[in-house]
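To start, the structure itself, in structure tokens.
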Amino acid sequence: MADHSGLGTDRGALLALYDLDAGGFRHLDEITAFASTLCDAPIALVSIVEEARQRFLARTGLDAEETPRDVSFCALAMLGDDIFVVPDACGDPRFADNALVTGPPHIRFYAGAPLIDSAGVPLGALCVIDTQPRADLTPMQRQGLTLLARQVMVELEGRRRDRDVIARQRQDAAAIADSDRMFRTLADTMPQMVWSTLPDGYHDYYNARWYEYTGVLAGSTDGEGWNDMFHPDDQERAWGRWRKSLETGEPYEIEYRLRHHSGDYRWTLGRALPIRDGAGTILRWIGTCTDIHEQKLMMEEREMIAHELSHRIKNIFSVIAGLIGLSARQHPEIGAVAEDLRDRILALGRAHDFVRPHSAESAPQVGQGQGLLWGILDQIFAPYNARDRSRIALSGDNVPIDDRSATPLALLFHELATNAAKYGALSVPDGRIALHIAREGADVRIDWQELGGPAVQSMQPDGFGSRLITLSVERQLGGRIARDWSADGLKLSLWIPTRSMSRSVGTE
Amino acid sequence: MSKRVLIVEDEIFVALEIEQIVEETGFDVSAIAADRPAALACAESCDIALVDLNLRDGPTGPIIGMELASRYGIRVIYVTANPSQIGEASVAALGVITKPFRSQSISAALQLAAAEEPELHAAEIAGFIPFLQSGSSSGLVSRG
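Structure below.
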């Protein structure tokens, strides 16, 4: 017993968990009052045994708040499992000399129920004391005292739990503060402007870079104030795009001009993504603004140069055609040949314009079929289809082409259309051509069918034009060709390898 | 007296080729203009104008066509690879010759323009798209 088992050096730390110094154990006073009555004893105490003393958390019939541990009865009582009874301290060699026995409060009878926590560690005892010796408590008093001791522990454990909760809350708050500090540090050291909004789009955060760039007062662009920072011509577009993202949850992305603190507007890339909870509900939007002014200007310059270059190339085709026309007029004997050559060169010019690299600004409008076979066919057939788009009617698949196939394809269909205009279906008002395109294995099959034209002569009307067609299909595109002069008109089938039509498709 | 034709075209070799076609058709070329100021400066002395869209001073063809037609009563025919670029300016013109053009297209269109009452409905000229308009004494109004 003297080794005070269960009273190791961590006892101070253990007891600290109960926050005993905070006081406020009003319910314990009621318990000692009742224990005193129940056991018909003048003194009842809730005693907690510490390293050097025992302290009374609640007491009835005693003024002292604590006593030294070495005179403690409870230090012994708490070590047992059951109620510890000293019938007469004066006759007990362990206590006969005890200061609490020889002096006030003159203990003769002592009965203590141990206070043991949920982990089995004894904290102290609930005890009753009489100044008269007794044999024992009655069974009901023992039962009652045991029950009350348990109730004392309920109170103490409750205090400990409260303390744990408070401690955890403090920890959580500290963790959140840490994480918040980390986010702000990260956001403020980013080269981009960073902002955040509530799910309804209310801006409630901007990083330091935003204020540094715009030069506005902190907080002055909260809510919807950000929109005023945009160039007047971009405000409505940005609002529209942002509102759409808020409604649909789609990522926000837009280029606009943002007012710099110098007063200049600089091109900026704005992006934002929603943060969602486990159920997919949007909790926040986090966005960035990136200054892309220099890149934008560079792109515009590049675009201008590309446009200018392409225009010049186009002009060169026109000039060559003009030169051929002028030359031919000096030599009327080559007039017909020159006219054909001139038209071929202009067809190549169209092909060039169709497949040259385009930027978003210079690209023909969607629907013009940039980079697709139908698109270049529209270009080549434009003079024939100008009044009646069904004169050369396209059907079937639309397949990708590239700059390499554009030249032979332009020549090929130019020759076919020219021949049709000179000798075939396009040489009479009611003639028409059905052009069907279909993928067939590794090839693209193209069927050219002339209808309603003059009676077909089974001889080739234009030897060189026909040769150009064969060269383009077989030698340049690596395809094959089948001609059939039926009574209805020329029927021509081509098989061109898909990889010859477009390199990017061929390598897939 | 034969009709006088203004050629508004900034590529000299293309313009010279058109000039030859005009002369072969039996008309006179009053001037070749490469931009808007030059075109308007020559406007007084001509009856018909062949107008390219993209000129030395930019895509000014459509507005030149409108001015020549409304202020000088000139019959305008556009000559371009991009007919869609004409837009509203088609109101003032007889039609458009698509580039690449054949000399016959230019000749036939010129003869049409030289007629007292150009019969656009009857015009069947390869490479020429007539703008269908109801004639009036001062200008031409689009029907479509």
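Sequences listed follow chains A and B, in order. Each residue of the first sequence is one higher than the one before, counting from 1 in our numbering. Each residue of the second sequence is one higher than the one before, counting from 509 in our numbering. We treat Cβ as the ideally placed atom computed from N, Cα and C, and that holds for glycine. As the structure is a prediction and not an experimental result, all values here were calculated from the model.
Through-space distance from residue j to residue i, alpha-carbon basis
i	j	result
residue 326 of chain A	residue 525 of chain B	5 Å
residue 521 of chain A	residue 56 of chain A	Shown here, chain A extends from 1 to 508; a query on residue 521 of chain A therefore has no answer.
residue 511 of chain B	residue 536 of chain B	6 Å
residue 99 of chain A	residue 66 of chain A	13 Å
residue 635 of chain B	residue 504 of chain A	36 Å
residue 498 of chain A	residue 444 of chain A	6 Å
residue 199 of chain A	residue 285 of chain A	7 Å
residue 58 of chain A	residue 166 of chain A	24 Å
residue 345 of chain A	residue 290 of chain A	46 Å
residue 603 of chain B	residue 470 of chain A	37 Å
residue 365 of chain A	residue 375 of chain A	Confidence at residue 365 of chain A is low in this model, with a pLDDT of 46, below 50, so the placement of that residue should be treated as unreliable; the coordinate-derived value is given next. Using only the alpha carbons, I get a separation of about 11 Å.
residue 459 of chain A	residue 552 of chain B	For residue 459 of chain A, the pLDDT reaches just 48, beneath the cut-off of 50, and the residue's location in the model is therefore unreliable, although a value from the coordinates is still provided. Straight-line Cα distance between these residues: approximately 54 Å.
residue 578 of chain B	residue 548 of chain B	12 Å
residue 213 of chain A	residue 572 of chain B	47 Å
residue 247 of chain A	residue 271 of chain A	16 Å
residue 181 of chain A	residue 219 of chain A	18 Å
residue 209 of chain A	residue 191 of chain A	7 Å
residue 464 of chain A	residue 334 of chain A	15 Å
residue 153 of chain A	residue 74 of chain A	15 Å
residue 494 of chain A	residue 502 of chain A	16 Å
residue 330 of chain A	residue 528 of chain B	10 Å
residue 49 of chain A	residue 114 of chain A	11 Å
residue 367 of chain A	residue 378 of chain A	In this prediction, residue 367 of chain A scores a pLDDT of 47, lower than 50, which makes its location untrustworthy; the coordinate-derived value is nonetheless stated afterwards. Near 11 Å, if we compare the C-alpha coordinates of residue 378 of chain A and residue 367 of chain A.
Paired residues, beta bridge with residue i - DSSP
i	result
residue 636 of chain B	B:605
residue 289 of chain A	A:193, A:270
residue 53 of chain A	A:68
residue 485 of chain A	A:490
residue 495 of chain A	A:445, A:480
residue 253 of chain A	A:271
residue 512 of chain B	B:536
residue 58 of chain A	A:46
residue 591 of chain B	Answer is none; residue 591 of chain B lacks a bridge partner.
residue 203 of chain A	A:197, A:223
residue 93 of chain A	Partner(s): none; residue 93 of chain A has no beta bridge.
Top-ranked residue by Cα proximity to residue i, from the options
i	options	result
residue 256 of chain A	A:239, A:122, A:185	A:239
residue 422 of chain A	B:546, B:621, B:625, B:610	B:610
residue 392 of chain A	A:101, A:154, A:414	A:414
residue 193 of chain A	A:186, A:24, A:185, A:206	A:206
residue 544 of chain B	B:529, B:563, B:530	B:563
residue 151 of chain A	A:481, A:353, A:287, A:30	A:30
residue 433 of chain A	A:226, A:442, A:418, A:234	A:418
residue 486 of chain A	A:496, A:468, A:495, A:449	A:449
residue 241 of chain A	A:252, A:79, A:475	A:252
residue 353 of chain A	B:590, B:540, B:519	B:590
residue 259 of chain A	A:410, A:84, A:232	A:232
residue 122 of chain A	A:89, A:15, A:398, A:401	A:15
residue 68 of chain A	A:54, A:161, A:265	A:54
residue 454 of chain A	A:440, A:441, A:489, A:223	A:489
residue 267 of chain A	A:245, A:229, A:60, A:276	A:229
residue 108 of chain A	A:43, A:117, A:79	A:43
Start and end residues, beta strand (DSSP E) containing residue i
i	result
residue 43 of chain A	43 to 49
residue 618 of chain B	Premise fails: residue 618 of chain B lies in the alpha helix (DSSP H), 611 to 622, not in any beta strand (DSSP E).
residue 110 of chain A	109 to 116
residue 39 of chain A	Looking at the DSSP string, residue 39 of chain A is not in any beta strand (DSSP E); the run it does join, the alpha helix (DSSP H), is 26 to 39.
residue 395 of chain A	392 to 396
residue 445 of chain A	443 to 451
residue 440 of chain A	432 to 440
residue 18 of chain A	Here residue 18 of chain A belongs to no beta strand (DSSP E), and DSSP marks it neither H nor E.
residue 423 of chain A	Unbroken run through residue 423 of chain A: none, as it is neither H nor E.
residue 130 of chain A	122 to 130
residue 558 of chain B	556 to 559
residue 84 of chain A	84 to 86
Element boundaries [alpha helix (DSSP H), containing residue i]
i	result
residue 500 of chain A	498 to 501
residue 101 of chain A	99 to 102
residue 211 of chain A	208 to 214
residue 464 of chain A	463 to 470
residue 248 of chain A	232 to 248
Short-range partners of chain A found in the segment 552 to 576 of chain B, where Cβ spacing is below 8 Å: Result list: 562.
Contact residues within the segment 517 to 534 of chain B, judged by C-beta distance below 7 Å to chain A: For the segment 517 to 534 of chain B, the set of positions with a beta-carbon nearer than 7 Å to some beta-carbon of chain A reads 519, 521, 522, 524, 525, 528 in chain order.
Contact list for the segment 593 to 609 of chain B against chain A, Cβ threshold 8 Å: For the segment 593 to 609 of chain B, which is checked against every Cβ of chain A, the residues closer than 8 Å are 606, 607, 608.
Residues in the segment 242 to 263 of chain A having any Cβ partner in chain B nearer than 7 Å: The segment 242 to 263 of chain A vs chain B, Cβ under 7 Å: nothing.
Near-chain B residues of the segment 302 to 326 of chain A (beta-carbon distance less than 7 Å), N- to C-terminal order: Considering only beta carbons, the part of the segment 302 to 326 of chain A lying closer than 7 Å to chain B consists of 315, 318, 319, 321, 322, 323, 325, 326, in chain order.
Contact residues within the segment 580 to 594 of chain B, judged by C-beta distance below 7 Å to chain A: Within the segment 580 to 594 of chain B, not one residue has a Cβ closer than 7 Å to any Cβ of chain A.
Within 8 Å of chain B by C-beta, residues of the segment 421 to 454 of chain A in sequence order: So the list reads 421, 429, given in the order they occur along the chain.
Interface residues of the segment 338 to 352 of chain A facing chain B [CB-CB below 9 Å]: Result list: 339, 342, 343, 345, 346, 347, 349, 350.
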